[in-house]
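See below for the structure under consideration.
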Amino acid sequence: LFDQALKDKADGNLVSARMNMKLAITFDPTNELYAEALEELSKNPDASRGSPQGPPGRSRAREYYDAATEAENIGDVDKAIELLEKAVAESRQAVFLNRLGVILATKRKDFLRAQDLIQQAIELSPGNATYEKNLHKVLSRAATHDVNKADAGKKGGGRLLGFLGRRK
4 LFDQALKDKA DGNLVSARMN MKLAITFDPT NELYAEALEE LSKNPDASRG SPQGPPGRSR
64 AREYYDAATE AENIGDVDKA IELLEKAVAE SRQAVFLNRL GVILATKRKD FLRAQDLIQQ
124 AIELSPGNAT YEKNLHKVLS RAATHDVNKA DAGKKGGGRL LGFLGRRK
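Per the working numbering, residue 4 is the first one in the sequence shown, and the count goes up by one each step.
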């Protein structure tokens, strides 16, 4: 996560860099290097909300993204999806596309759309290991979901007939 945060910072994606740095600190709260790097990212004027130096539409998109994170944290998935859609409409950033894709896959089982969104994120941020891992997870979950659905359909009918057949 720390390495990804540094890569995001180098790529100019400061929102993602801060988020990954915070996650790194969550896993290793005693690491002073992580704390210093987060402090540096937080002091950067481009990392603050409403920065006039950021690209047009970026601050509003970030506000939507932050609100979506809050909505997701309190369990309002529908609101989180709605806000992420707005963030993507305002500013097509890889971090927004990835997050929306992950939520759609994990909470809505909308694997096709999730795959498309995460692939777009990868196109915008080639070589991003986090996005690539997320895509692999989505593809894996989609395959598992399809297999489980198919098995449930086969077993459901078989159990009823098998049950009736045994009781004769």
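Backbone N, C-alpha and C fix where the C-beta goes; we use that ideal spot for every residue, glycine too.
Exposed unless 16 or more other CB atoms sit within 10 angstroms - verdict on residue i
i    : result
L163 : For L163, the pLDDT reaches just 46, beneath the cut-off of 50, and the residue's location in the model is therefore unreliable, leaving the point undetermined.
K112 : exposed
R21  : buried
K152 : exposed
Q7   : buried
P55  : Confidence at P55 is low in this model, with a pLDDT of 37, below 50, so the placement of that residue should be treated as unreliable; the coordinate-derived value is given next. Burial call: exposed.
Residue from the options with nearest C-alpha to residue i
i   : options               : result
E66 : V18, H148 and F5      : V18
K25 : G15, D14, E43 and A13 : E43
Residue i, DSSP secondary structure in three states
i    : result
N16  : coil
S45  : helix
G104 : helix
Q96  : coil
N76  : helix
G168 : The pLDDT assigned to G168 is 48, lower than 50, so where the model puts this residue is not dependable; a value taken from the coordinates is nonetheless given after this. G168 falls in the helix class under three-state DSSP.
K34  : The sequence shown places Asn at residue 34, not Lys. If DSSP states are grouped into helix, strand and coil, N34 belongs with coil.
Inter-residue CB distance, residue i and residue j (contact presumed, cutoff 8 angstroms)
i    : j    : result
V105 : A117 : 7 angstroms
L103 : I84  : 7 angstroms
L100 : L120 : 5 angstroms
Every unbroken alpha helix (DSSP H) within the region 113-159, with a cutoff of 4 residues, ordered by chain: Complete alpha helix (DSSP H) runs here, min 4: 114-127.
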